[in-house]
Every structure is written in C-alpha cells, then in structure tokens.
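Taken in order, these protein sequences are the chains called A and B.
Every number in the working numbering is 32 more than the matching position in the first sequence, counting from 1.
Every number in the working numbering is 25 more than the matching position in the second sequence, counting from 1.
Backbone N, C-alpha and C fix where the C-beta goes; we use that ideal spot for every residue, glycine too.
Since the model is a prediction, treat every value here as computed from it, not as a measurement.
Heads up, the thing below is written out as structure tokens.
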Amino acid sequence: GQNIDQPTEMTATEGAIVQINCTYQTSGFNGLFWYQQHAGEAPTFLSYNVLDGLEEKGRFSSFLSRSKGYSYLLLKELQMKDSASYLCAVRGNSGYALNFGKGTSLLVTP
Amino acid sequence: DVKVTQSSRYLVKRTGEKVFLECVQDMDHENMFWYRQDPGLGLRLIYFSYDVKMKEKGDIPEGYSVSREKKERFSLILESASTNQTSMYLCASSFTGTGRHGYTFGSGTRLTVV
Numbered sequence: 033g034q035n036i037d038q039p040t041e042m043t044a045t046e047g048a049i050v051q052i053n054c055t056y057q058t059s060g061f062n063g064l065f066w067y068q069q070h071a072g073e074a075p076t077f078l079s080y081n082v083l084d085g086l087e088e089k090g091r092f093s094s095f096l097s098r099s100k101g102y103s104y105l106l107l108k109e110l111q112m113k114d115s116a117s118y119l120c121a122v123r124g125n126s127g128y129a130l131n132f133g134k135g136t137s138l139l140v141t142p
Numbered sequence: 026d027v028k029v030t031q032s033s034r035y036l037v038k039r040t041g042e043k044v045f046l047e048c049v050q051d052m053d054h055e056n057m058f059w060y061r062q063d064p065g066l067g068l069r070l071i072y073f074s075y076d077v078k079m080k081e082k083g084d085i086p087e088g089y090s091v092s093r094e095k096k097e098r099f100s101l102i103l104e105s106a107s108t109n110q111t112s113m114y115l116c117a118s119s120f121t122g123t124g125r126h127g128y129t130f131g132s133g134t135r136l137t138v139v
C-alpha cells in the first residue's frame with residue numbers, strides 16, 4: 033500500500049515564498065505528481081518528478097528525493113489566486129492509478 | 026481542447042435509488058478512474074478501468090459498481106444510494122505507463138443523497 037502525508041493547512045503572505053512538503057511510503061514508485069485544486073473545481077496538473085532533483089516551471093518548482101520518500105512544491109512570488117488546495121500524488125509500479133495525499137489548503141493573505 | 030466530461034454537476038437523489046454517474050473522455054486514453062473526495066479524507070479511488078470491459082477495484086469499492094462498454098465512456102453506478110455516499114465524485118483519465126501528465130480530471134459531480 034501507500035501512505036502519503038502532507039500538512040493540512042498553510043498560510044503565507046502575498047509576494048512571499050512557500051514550501052509544501054510531502055512524504056510518502058510506497059510499495060512501488062513510478063512518479064510523483066502535484067496538482068492544484070481551487071474550491072469547487074477539478075484538480076489541475078502542476079508538476080511531475082520521477083528522478084531525484086528539482087523541476088522548475090515558472091513560479092512553481094518541485095523537488096524529489098526517492099531515497100528519502102520526500103517531495104516538496106515551492107511557490108514563489110505568491111499571488112492571491114494561489115490560494116487553493118495542493119495535492120501530492122504517487123504512481124506505483126502498475127502505471128495505472130495515482131494515490132493521493134489528503135491535500136494542503138494554502139491561504140494567501142494580503 | 027481535450028476534455029473529460031461528467032454528465033451532471035449537481036445531483037440530488039433519494040436513499041435507495043439506483044444512481045448512474047457518467048464520464049466521457051475524448052483523448053483516446055486507455056485508463057479511466059472514479060474517485061470520491063470528502064473533506065479531511067482527500068481523494069479516494071473507487072474503481073478504475075485500464076481497457077474496455079476491464080475493471081479493477083480501488084480502495085473503497087463497496088456499494089459501487091462500474092461499466093466500461095466503450096473506450097471513451099466510464100460509468101459509476103450506486104446500486105442503492107445511501108446518505109454516506111453523499112460526496113464529490115471525480116472522474117479522470119490517462120494513458121498507461123510513465124506519462125508525465127498523469128490524469129486529466131472532469132469537473133466533478135456533487136451528489137447529495139437525502
């Protein structure tokens with residue numbers, strides 16, 4: 033099975049940087065995903081890591097350490113519209129289903 | 026624009042009714058999934074399908090069944106709806122294997138069972 037942990041809630045200030053951590057314990061690993069979900073909407077894809085290291089895409093970056101079972105999502109130059117839930121998900125060896133953490137609700141304040 | 030379309034955005038059903046939730050994708054994806062999302066519990070996998078007429082149980086299949094007669098359509102069936110099945114239901118689809126984009130999600134169906 034898979035156990036995926038991330039903080040329940042975080043608060044940060046507009047313009048700041050925030051790091052959302054995700055730890056996982058899995059029986060197999062074939063990639064880690066981050067999704068953003070605004071209230072009442074479907075999750076949308078943010079990033080994908082399968083090898084160790086940092087993936088950067090604009091204001092968002094994601095890091096993976098497979099040996100530590102650890103990932104983080106880094107959001108820079110926070111904007112009010114970044115207030116959302118951020119979901120960490122791991123794909124096992126089957127290549128099919130993703131297992132999701134419970135999500136981190138991020139509130140960006142002025 | 027590629028899409029996963031869920032037939033209803035909001036649905037209210039009575040206890041004991043048989044409920045059908047429909048999902049259609051236009052991306053020729055092999056895999057389709059049904060999740061439910063509840064506050065504090067996150068996204069939990071109900072069923073998935075990796076090919077036409079194939080299905081696999083997820084983590085919480087009890088009280089649900091699925092049907093995939095065509096590649097583009099995946100239906101979730103609540104055989105006898107109960108109040109504990111009130112939830113947001115999300116359909117998703119994907120290619121098999123190591124694709125970096127993971128899932129494409131539908132907009133969700135918020136089901137209330139009264």
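| Asked | Found |
| --- | --- |
| Would you say A:A128 reaches chain B, if we count a Cβ-Cβ gap shorter than 8 Å as a contact? | Note that residue 128 of chain A is Tyr in the sequence shown here, rather than Ala. Cβ-Cβ to chain B under 8 Å: yes for A:Y128. |
| Would you be able to state if there are at least three C-beta pairs under 8 Å between the region 49 to 66 of chain A and the region 112 to 126 of chain A? | yes |
| Counting C-beta neighbours from all protein chains within 10 Å, is the total for B:D84 16 or more, i.e. buried, or is it exposed? | exposed |
| So for A:D114, helix, strand or coil by DSSP? | helix |
| Looking at A:N131: is its Cβ nearer than 8 Å to the Cβ of A:Q34? | yes |
| Are the region 61 to 79 of chain A and the region 37 to 50 of chain A touching by the rule of at least three beta carbon pairs closer than 8 Å? | no |
| Can you pull the chain A residues whose beta carbon is under 8 Å from the beta carbon of B:L66, in chain order? | K134 |
| Quick check on DSSP: helix, strand or coil for A:N62? | coil |
| Classify A:R91 as buried or exposed, calling it buried when 16 or more other Cβ atoms lie within 10 Å of its own Cβ. | exposed |
| With 8 Å set as the bound, which would you pick, yes or no: does the beta-carbon of A:Y80 sit closer than that to a beta-carbon of chain B? | yes |
| Could you tell me which chain A residues have their CB closer than 8 Å to the CB of B:L101, listed as they occur along the chain? | Those do not exist, as B:L101 stays about 15 Å from chain A at its closest Cβ, beyond 8 Å. |
| Going along chain A, which residues have a C-beta under 7 Å from B:Y35? | Correct list: empty, because the minimum Cβ distance to chain A is about 11 Å. |
| If you measure beta-carbon to beta-carbon, which residues of the region 40 to 66 of chain A are closer than 9 Å to chain B? | T40, N62, G63, F65 |
| In the DSSP assignment, what are the bridge partners of B:F45? | B:I102 |
| Would you verify that the beta carbon of B:H54 is, or is not, closer than 8 Å to some beta carbon of chain A? | no |
| Give a yes or no on contact between the region 105 to 114 of chain A and the region 38 to 51 of chain B, applying the rule of three or more CB pairs nearer than 8 Å. | no |
| Identify the residues that DSSP records as bridge partners of B:Q62: which are they? | B:L68, B:M113 |
| Give the single residue among B:G131, B:S100, B:V138, B:T137 whose Cα lies nearest to the Cα of A:A74. | B:G131 |
| Can the beta-carbon of B:V91 be found less than 8 Å from the beta-carbon of B:W59? | yes |
| So what does A:I52 bridge to, in DSSP terms? | A:L105 |
| Closest by CA to B:T111, which one among B:D51, B:E47, B:Q62, B:T129? | B:Q62 |
| Starting from the Cα of B:G127, find the closest Cα among A:S137, A:A129, A:G133, A:K134 and give me that residue. | A:A129 |
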